[in-house]
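Student:
There are 2 protein chains.
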Amino acid sequence: MKAQQTTKPTKGEMTAQRIMDAAEKLFARQGYQATTLRDIAEDAGLREPGIYNHFANKEALYAAVLERSLRPMEQRIARLLEAPITPAEALALPGEILRLNAEHPQMPALFYQAIQAFHEGSPAGNAAEWMLRLFAQGRALNRQVMPGDDDSVVLQGIAIFNLCCGYFLAQPLLRELAGIDALSDDALEKQQRLMERVMRAFLIG
Amino acid sequence: MKAQQTTKPTKGEMTAQRIMDAAEKLFARQGYQATTLRDIAEDAGLREPGIYNHFANKEALYAAVLERSLRPMEQRIARLLEAPITPAEALALPGEILRLNAEHPQMPALFYQAIQAFHEGSPAGNAAEWMLRLFAQGRALNRQVMPGDDDSVVLQGIAIFNLCCGYFLAQPLLRELAGIDALSDDALEKQQRLMERVMRAFLIG
Chain A
1 MKAQQTTKPT KGEMTAQRIM DAAEKLFARQ GYQATTLRDI AEDAGLREPG IYNHFANKEA
61 LYAAVLERSL RPMEQRIARL LEAPITPAEA LALPGEILRL NAEHPQMPAL FYQAIQAFHE
121 GSPAGNAAEW MLRLFAQGRA LNRQVMPGDD DSVVLQGIAI FNLCCGYFLA QPLLRELAGI
181 DALSDDALEK QQRLMERVMR AFLIG
Chain B
1 MKAQQTTKPT KGEMTAQRIM DAAEKLFARQ GYQATTLRDI AEDAGLREPG IYNHFANKEA
61 LYAAVLERSL RPMEQRIARL LEAPITPAEA LALPGEILRL NAEHPQMPAL FYQAIQAFHE
121 GSPAGNAAEW MLRLFAQGRA LNRQVMPGDD DSVVLQGIAI FNLCCGYFLA QPLLRELAGI
181 DALSDDALEK QQRLMERVMR AFLIG
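First to last, the protein sequences are chains A and B. Residue 1 is where the first sequence starts when you use this note's numbering, and the numbers rise one by one after that. Residue 1 is where the second sequence starts when you use this note's numbering, and the numbers rise one by one after that.
Next comes the structure, spelled out in structure tokens:
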């Protein structure tokens with residue numbers, strides 16, 4: 001479950017990853033509430049009790065799914081916050097976030113669900129806390145490089161978030177309109193350049 | 001139900017609008033499948049049979065909800081397609097789409113639901129057809145003004161769509177992070193300028 005696994009994962013770790021993959025997909029497709037541990041077990045190819053060897057309950061599994069995709073982003077931004085950010089780093093960051101997201105392309109649907117469910121308390125609260133923490137980090141970073149008032153910095157941060165997450169939500173549209181596989185390296189590269197261009201416009205103000 | 005009603009709406013028309021408002025909200029929040037005509041009637045403050053005076057069934061109501069919010073956009077873009085588009089018109093269009101969307105701020109959730117349900121057939125098919133028709137129009141327009149290959153034009157069109165729709169989906173986040181009411185004129189004005197800036201970056205290439 002480490003971001004960069006150098007040793008071969010154990011069978012148990014591989015099963016845990018498979019459970020998280022299934023959970024990520026089903027939570028995104030059906031919503032957290034409507035998804036049962038039984039659905040997830042079935043999708044992951046095991047029986048429901050098998051899940052409890054890895055996760056205490058549905059809430060713990062949800063927390064692990066969030067952690068797996070969001071911790072690497074948090075760590076990346078935290079590293080950038082250790083010193084004043086350079087324009088080159090600021091320009092590259094949206095594309096880096098896109099690439100991290102591409103490893104878990106179902107997550108954006110979960111992020112928007114969590115935003116709609118703000119204030120509904122745990123376990124959506126868990127996701128809401130993640131969102132707010134990441135946005136606070138991003139805002140601290142963007143303030144260093146974006147001109148304009150605080151509202152503009154917030155709106156521009158949300159715009160970058162929407163460009164990134166919307167790209168993954170629009171996957172069927174990209175396929176339908178232009179035969180583009182959004183997860184192909186070629187398409188990700190183009191979207192990365194697009195986001196860099198938008199970020200450049202935001203830095204100029 | 002006309003986009004620009006000059007005469008006073010009848011009581012029947014007002015009831016139909018109220019039913020569509022309730023349907024829009026509940027479809028967006030719960031999804032089309034999970035929403036019953038009984039839920040919608042209750043939210044609109046009438047009994048279920050009352051809906052049938054205005055809409056034949058749930059599918060017809062869904063079609064009317066889509067029509068109400070998307071027809072004005074389609075007409076606006078169709079007018080622009082009648083003559084070569086000027087750069088000023090191209091720059092202003094994303095903001096105009098934002099303003100039209102602001103009259104039905106629940107719709108973006110429905111658009112993304114429809115995109116996920118592409119190929120699942122009617123009634124999501126109805127929404128999918130709308131999406132594809134609007135994107136085809138937008139693409140014809142963007143081709144006139146955006147440099148770059150066709151994939152870039154498609155990706156940039158989707159980026160504008162995501163900036164617009166994501167803005168409304170992120171409403172709770174805007175409130176939480178900066179106390180911004182996304183539907184206030186001030187915030188819409190700022191988002192409009194942001195989208196114009198992005199569009200300018202896309203026109204330069």
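For each residue, glycine too, the CB sits at the ideal point set by N, CA and C.
1) Can the beta-carbon of Asn-162 of chain B be found less than 8 angstroms from the beta-carbon of Leu-61 of chain A?
2) Please classify Gln-33 of chain B: is it buried, with 16 or more other beta-carbons within 10 angstroms of its beta-carbon, or exposed?
3) Please confirm if Asn-142 of chain A has its CB atom under 8 angstroms from at least one CB of chain B.
4) Using a Cβ-Cβ distance under 8 angstroms, would Glu-176 of chain A count as near chain B?
5) Have a look at B:Val-145, B:Pro-147, B:Gly-157, B:Gly-148 and flag the residue whose alpha-carbon is nearest the alpha-carbon of Leu-132 of chain B.
6) Return the chain-ordered list of same chain residues with a C-beta closer than 8 angstroms to the C-beta of Pro-105 of chain B, the five sequence neighbours on each side being excluded.
7) Please decide whether Ile-115 of chain A counts as near chain B, where near means a Cβ-Cβ distance under 8 angstroms.
8) Would a check of beta-carbon distances place Leu-183 of chain A closer than 8 angstroms to chain B?
9) How far does the alpha helix (DSSP H) with Asp-186 of chain B in it extend, from its first residue to its last?
10) Contact criterion: CB-CB distance below 8 angstroms. Does Phe-118 of chain A meet it with respect to chain B?
11) For Gly-50 of chain B, which residues of its own chain have a beta-carbon under 7 angstroms away from its beta-carbon, when the five flanking residues on both sides are left out?
12) Would you report the Cα separation of Phe-202 of chain A and Arg-197 of chain B, rounded to the nearest angstrom?
13) Please list the residues of the region 129-140 of chain A that have a C-beta atom closer than 7 angstroms to any C-beta atom in chain B, keeping them in chain order.
14) Can you find a CB in chain A that lies within less than 8 angstroms of the CB of Lys-2 of chain B?
15) If you run the structure through DSSP and keep just helix, strand and coil, what is Thr-7 of chain A?
16) Three or more C-beta pairs closer than 8 angstroms, one from the region 143-160 of chain A and one from the region 81-92 of chain B: is that the case here?
17) Please state whether DSSP places Phe-168 of chain A in a helix, a strand or coil.
18) Given that Gln-191 of chain B touches chain A, what residues does it touch there, using C-beta distances under 7 angstroms?
19) In this structure, how does DSSP classify Gly-12 of chain A when only helix, strand and coil are distinguished?
20) Find the residues of chain B that neighbour Asp-150 of chain A, judging by a C-beta separation of less than 7 angstroms, and give them in chain order.
21) Buried or exposed: which applies to Ile-204 of chain B, given that a residue is buried once 16 or more other Cβ atoms fall within 10 Å of its Cβ?
Tutor: This is what the structure gives:
1) no
2) Answer is exposed; the Cβ neighbour count stays below 16.
3) With 8 angstroms as the cut-off, Asn-142 of chain A does not count as an interface residue toward chain B.
4) yes
5) Answer by Cα proximity: B:Gly-157.
6) Phe-168, Gln-171, Ala-182, Leu-183
7) yes
8) no
9) 185-204
10) yes
11) Ala-41
12) The C-alpha of Arg-197 of chain B is placed about 8 angstroms away from the C-alpha of Phe-202 of chain A.
13) Sequence-ordered contacts of the region 129-140 of chain A with chain B read Met-131, Leu-132, Phe-135 [C-beta pairs closer than 7 angstroms].
14) Because Lys-2 of chain B carries a pLDDT of 47, less than 50, the predicted location of this residue cannot be relied on, and the following value inherits that uncertainty. No, because no Cβ of chain A sits closer than 8 angstroms to the Cβ of Lys-2 of chain B.
15) coil
16) no
17) DSSP places Phe-168 of chain A in helix when its eight states are reduced to three.
18) Leu-155
19) In this structure, Gly-12 of chain A counts as helix in the three-state DSSP scheme.
20) Ala-178
21) Exposed: under 16 other Cβ atoms inside 10 Å.
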